[in-house]
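In terms of the working numbering, the sequence shown is residues 120 to 738.
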Amino acid sequence: MRKLALSDEILLTVEKPARYIGNEVNSVMKDKKDVAVRFAMCFPDVYEIGMSHLGIQILYDMFNKREDVWCERVYSPWTDLDKIMREKNIPLFALESQEPIKEFDFLGITIQYEMCYTNILQVLELSQIPLIAEERTKEHPFVIGGGPCTYNPEPLADFFDLFYMGEGETVYGQLLDAYKEWKESGASREEFLRTASHIPGIYVPSLYEVSYKEDGTILEMKPKFEDVPAKVDKQIVMEMSEAPYPEKPVVPFIKATQDRVVLEIMRGCIRGCRFCQAGMLYRPTRQKDVKVLKDYAYRMLKNTGHEEISLSSLSSSDYKDLEELVTFLIDEFKGKGINISLPSLRIDAFSLDVMSKVQDIRKSSLTFAPEAGSQRMRNVINKGLTEEDILRGAGLAFEGGWNKVKLYFMLGLPTETEEDMKGIAHLAEKIAKRYYEIPKEQRNGKCQITISTSFFVPKPFTPFQWAPMSTMDEFLGKARVVNTEVKEQLNRKSLKYNWHQADVTILEGLLARGDRKVAKSILAAYRKGCIYDAWGEQFHYDRWLEAFEETGLDLDFYTTRSRELDEVFPWDFIDIGVTKKFLEREWKRATEETVTPNCRMQCSGCGAMKYEGGVCFEH
Numbered sequence: 120m121r122k123l124a125l126s127d128e129i130l131l132t133v134e135k136p137a138r139y140i141g142n143e144v145n146s147v148m149k150d151k152k153d154v155a156v157r158f159a160m161c162f163p164d165v166y167e168i169g170m171s172h173l174g175i176q177i178l179y180d181m182f183n184k185r186e187d188v189w190c191e192r193v194y195s196p197w198t199d200l201d202k203i204m205r206e207k208n209i210p211l212f213a214l215e216s217q218e219p220i221k222e223f224d225f226l227g228i229t230i231q232y233e234m235c236y237t238n239i240l241q242v243l244e245l246s247q248i249p250l251i252a253e254e255r256t257k258e259h260p261f262v263i264g265g266g267p268c269t270y271n272p273e274p275l276a277d278f279f280d281l282f283y284m285g286e287g288e289t290v291y292g293q294l295l296d297a298y299k300e301w302k303e304s305g306a307s308r309e310e311f312l313r314t315a316s317h318i319p320g321i322y323v324p325s326l327y328e329v330s331y332k333e334d335g336t337i338l339e340m341k342p343k344f345e346d347v348p349a350k351v352d353k354q355i356v357m358e359m360s361e362a363p364y365p366e367k368p369v370v371p372f373i374k375a376t377q378d379r380v381v382l383e384i385m386r387g388c389i390r391g392c393r394f395c396q397a398g399m400l401y402r403p404t405r406q407k408d409v410k411v412l413k414d415y416a417y418r419m420l421k422n423t424g425h426e427e428i429s430l431s432s433l434s435s436s437d438y439k440d441l442e443e444l445v446t447f448l449i450d451e452f453k454g455k456g457i458n459i460s461l462p463s464l465r466i467d468a469f470s471l472d473v474m475s476k477v478q479d480i481r482k483s484s485l486t487f488a489p490e491a492g493s494q495r496m497r498n499v500i501n502k503g504l505t506e507e508d509i510l511r512g513a514g515l516a517f518e519g520g521w522n523k524v525k526l527y528f529m530l531g532l533p534t535e536t537e538e539d540m541k542g543i544a545h546l547a548e549k550i551a552k553r554y555y556e557i558p559k560e561q562r563n564g565k566c567q568i569t570i571s572t573s574f575f576v577p578k579p580f581t582p583f584q585w586a587p588m589s590t591m592d593e594f595l596g597k598a599r600v601v602n603t604e605v606k607e608q609l610n611r612k613s614l615k616y617n618w619h620q621a622d623v624t625i626l627e628g629l630l631a632r633g634d635r636k637v638a639k640s641i642l643a644a645y646r647k648g649c650i651y652d653a654w655g656e657q658f659h660y661d662r663w664l665e666a667f668e669e670t671g672l673d674l675d676f677y678t679t680r681s682r683e684l685d686e687v688f689p690w691d692f693i694d695i696g697v698t699k700k701f702l703e704r705e706w707k708r709a710t711e712e713t714v715t716p717n718c719r720m721q722c723s724g725c726g727a728m729k730y731e732g733g734v735c736f737e738h
């Protein structure tokens with residue numbers, strides 16, 4: 120019988136103790152004496168959020184299929200337990216064995232969003248692992264980062280031994296084998312890192328040096344040794360149908376944010392929206408075979424007891440066999456009390472037909488993301504949607520019985536004018552008007568249109584990576600313009616407007632676009648008590664500003680400054696397949712308000728063809 124790391128006394132005093140005890144259905148137990156590598160897989164946020172993350176589920180299953188590896192899970196303790204662990208000097212532990220993380224071989228951290236960076240330091244400190252990578256010895260685990268934010272790893276470079284660029288299914292086997300060899304050889308920590316840097320997709324920050332120009336921009340970044348590659352190549356799975364996928368995902372003890380079976384139907388997106396990082400990072404678009412998906416649906420529902428199945432991708436409407444898959448799921452499971460959810464659908468006749476089959480109309484609202492209020496702006500961001508498309512979709516939805524619509528927009532996009540901002544209110548008004556055109560006896564009560572705006576952050580590897588960000592005051596000024604205009608609409612009682620926090624956006628912009636010099640500020644903010652920055656009630660912007668001041672960081676340099684076309688970015692050493700030349704071309708087309716067709720209509724020569732598969736080779 121395994122002993123819990125926390126006493127009953129502690130468990131009874133903290134919120135949701137089930138977060139910390141492990142032993143859930145489908146969790147993997149092994150004998151540590153039988154394995155050569157112990158890997159702690161961490162999502163640096165609370166259990167309920169981490170348990171919803173598909174990437175960890177895939178890697179957990181894949182690692183544990185190896186007899187010589189035991190992969191366990193660890194999440195950020197909530198603030199109540201954090202305090203107790205510090206007071207009583209309890210080291211952070213893995214859920215399965217309940218043993219300290221510091222005794223493991225690897226601590227793998229998924230870096231999913233910028234606002235979890237201080238939580239990474241919390242996990243390291245509670246694990247009693249030195250925060251700075253170069254202070255670690257052979258006694259400590261190797262700390263490796265993966266996930267979307269590793270495409271600019273530089274702000275975190277001081278804290279990680281290695282980063283894995285791209286999709287985890289490809290070279291982890293090589294890395295674990297290299298580790299086993301190293302462990303037996305008795306060589307130094309540095310020697311393992313040097314060997315690891317030869318594996319495609321593995322980036323070891325300590326093996327590179329960065330020099331700067333007088334104006335603070337990067338002069339160059341180069342490897343310290345000849346055998347270390349100057350470019351790190353993104354890893355990508357080309358045969359999606361054959362890639363590992365969990366048939367028995369771990370079932371959370373408490374309600375997770377996404378408590379359901381997730382079927383990943385494809386990776387990548389054909390659309391090419393210019394603000395969207397995922398659309399560039401995950402190119403080319405690759406589909407899973409529909410027969411494979413049907414098989415997984417059966418097995419995963421049987422092995423978990425979940426009552427919902429969700430289809431996951433960046434734009435599910437673009438999955439070629441969607442109709443066949445959805446019809447199958449409805450016919451097989453709908454009568455058995457299993458709900459089917461389809462996020463990321465476009466609102467067209469087919470999608471609405473599908474939705475009316477899978478959802479109870481009375482309960483649900485439709486979500487739609489035009490991203491910009493005016494046609495000019497939608498052309499700038501390459502959204503590929505006309506007002507006519509939007510109103511037609513909304514009209515079909517209203518006639519189908521929906522009366523609640525959520526609309527998502529962005530403020531602060533490049534070239535934005537006041538007219539574009541007001542266009543958000545005008546578009547929402549036109550959608551409301553379209554609802555009231557339906558004869559009263561056919562309407563389902565009043566309509567409710569919720570408008571949400573987030574503030575734009577120019578992310579690495581997007582055509583907008585050269586764009587400046589707005590300042591905090593500018594962001595709030597833009598939200599006021601929209602708010603005033605919404606209140607002046609005829610159907611204002613049907614419109615509700617919410618906007619995102621501007622200070623969080625500014626910080627996200629810094630962390631997304633920063634270089635190595637930012638690490639000092641992250642550490643200083645953490646020392647001031649910054650943690651769980653993604654949680655509104657825990658976010659303290661004033662502490663961050665103090666940290667910037669103390670570490671001499673110029674916030675505007677990273678956020679509001681325009682970038683020259685020839686500037687060396689902190690992330691330029693990563694090869695994601697999509698070329699900088701293509702992104703530059705798209706940036707120019709954005710300023711010309713020119714739309715680029717999607718990948719199925721016409722190849723735009725982004726560079727992803729080098730992977731020799733997916734949508735690039737469909738025809």
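Virtual Cβ for every residue (Gly too), placed ideally from N, Cα, C. Here the structure is a predicted model, which means the values were calculated and not measured.
Practice task
Take LYS149 as the anchor and find which of GLU143, THR569, ALA306 and VAL188 has the nearest alpha-carbon.
Solution key: VAL188
Exercise for the section: If I'm right that ASN617 touches THR569 with Cβ under 8 Å, what's the distance once you round it to whole angstroms? Expected result: 7 Å
Handout entry: Distance CB(THR698)-CB(GLY655) smaller than 8 Å
Key = no
Practice task
Return the residue from the list LYS729, GLU607 and GLN354 that minimises the CA-CA distance to GLY287.
Solution key: GLN354
Exercise for the section: Could you give the DSSP three-state label for ILE570: helix, strand or coil? Expected result: strand
Practice task
Could you check what DSSP says for LYS341 in three-state terms: helix, strand or coil?
Solution key: strand
Practice task
Pull up the DSSP beta-bridge partners for CYS388, would you.
Solution key: For CYS388, which the question treats as bridged, DSSP gives no partner whatsoever.
Practice task
Return the Cβ separation of MET540 and VAL499 in integer angstroms, given the expectation that the two are a contact with Cβ distance under 8 Å.
Solution key: No, MET540 and VAL499 are not in contact; Cβ-Cβ is about 13 Å, not under 8 Å.
Handout entry: For GLU333 and PHE594, the rounded distance between their alpha carbons
Key = 30 Å
Handout entry: Every unbroken alpha helix (DSSP H) within the region 433–466, with a cutoff of 4 residues, ordered by chain
Key = 441–452
Problem - Validate contact between the region 193–209 and the region 158–168 using beta carbons, cut 8 Å, 3 pairs - result: yes
Practice task
State the beta-bridge partners of ILE263 as determined by DSSP.
Solution key: GLY227 and LEU281
Handout entry: For PRO489, three-class secondary structure by DSSP
Key = strand
Handout entry: Reference ILE175, options GLN231, ALA547, VAL290 and PHE223, closest by Cα
Key = GLN231
Exercise for the section: Using three-state DSSP, classify MET720 as helix, strand or coil. Expected result: coil
Problem - Run of the alpha helix (DSSP H) containing ASN422, from where it starts to where it stops - result: 409–423
Problem - Residues that DSSP places opposite ASP694 in a beta bridge - result: ASP352
Exercise for the section: Over the uninterrupted alpha helix (DSSP H) stretch that includes TYR166, give me the two end residues. Expected result: 166–169
Exercise for the section: Determine, using beta carbons only, whether VAL477 and LEU444 come nearer to each other than 8 Å. Expected result: no
Exercise for the section: For HIS172, count neighbouring C-beta atoms within 10 Å of its own C-beta (all shown protein chains included) and say buried if the count is 16 or more, exposed if not. Expected result: buried
Handout entry: Local Cβ density within 10 Å of LYS502, reported as buried at 16 or more and exposed below that
Key = buried
Exercise for the section: With SER484 as the anchor, note down where its beta strand (DSSP E) starts and where it stops. Expected result: Unbroken run through SER484: none, as it is neither H nor E.
Handout entry: DSSP state of PHE583 mapped onto helix, strand, coil
Key = helix
Handout entry: N- and C-terminal bounds of the beta strand (DSSP E) containing GLU427
Key = 427–431
Problem - Within the region 167–244, ranges of the beta strand (DSSP E) (whole runs, at least 3 residues) - result: 188–194 and 225–229
Exercise for the section: Specify, as a first and last residue, the run of the beta strand (DSSP E) that ALA159 falls within. Expected result: 156–162
Handout entry: Paired residues, beta bridge with TYR401 - DSSP
Key = Beta-bridge pairing links TYR401 to no other residue.
Practice task
Kindly list the residues whose CB is nearer than 6 Å to the CB of TYR651, restricted to its own chain and excluding five residues on each side of it in sequence; keep chain order.
Solution key: GLN657
Practice task
Identify whether LYS647 lies in helix, strand or coil by the three-state DSSP scheme.
Solution key: coil
Problem - Close Cβ partners of LEU629 (< 7 Å) along its chain, the five nearest in sequence each way excluded - result: VAL637, LEU674, TYR677 and THR678
Practice task
For the region 575–633, list the alpha helix (DSSP H) runs that are entirely contained and at least 4 residues long, ordered along the chain.
Solution key: 591–606 and 621–632
Exercise for the section: Go to PHE469, then tell me how far its beta strand (DSSP E) extends in each direction, as first and last residue. Expected result: It is not in any beta strand (DSSP E) - PHE469 instead sits in the alpha helix (DSSP H) that spans 468–477.
Practice task
Could you tell me which residues DSSP pairs with TYR660 in its beta bridges?
Solution key: BP columns for TYR660 are empty, so no partner.
Exercise for the section: Ignore the nearest five residues each way along the sequence and tell me which others in ARG708's own chain have a CB closer than 7 Å to its CB. Expected result: THR715
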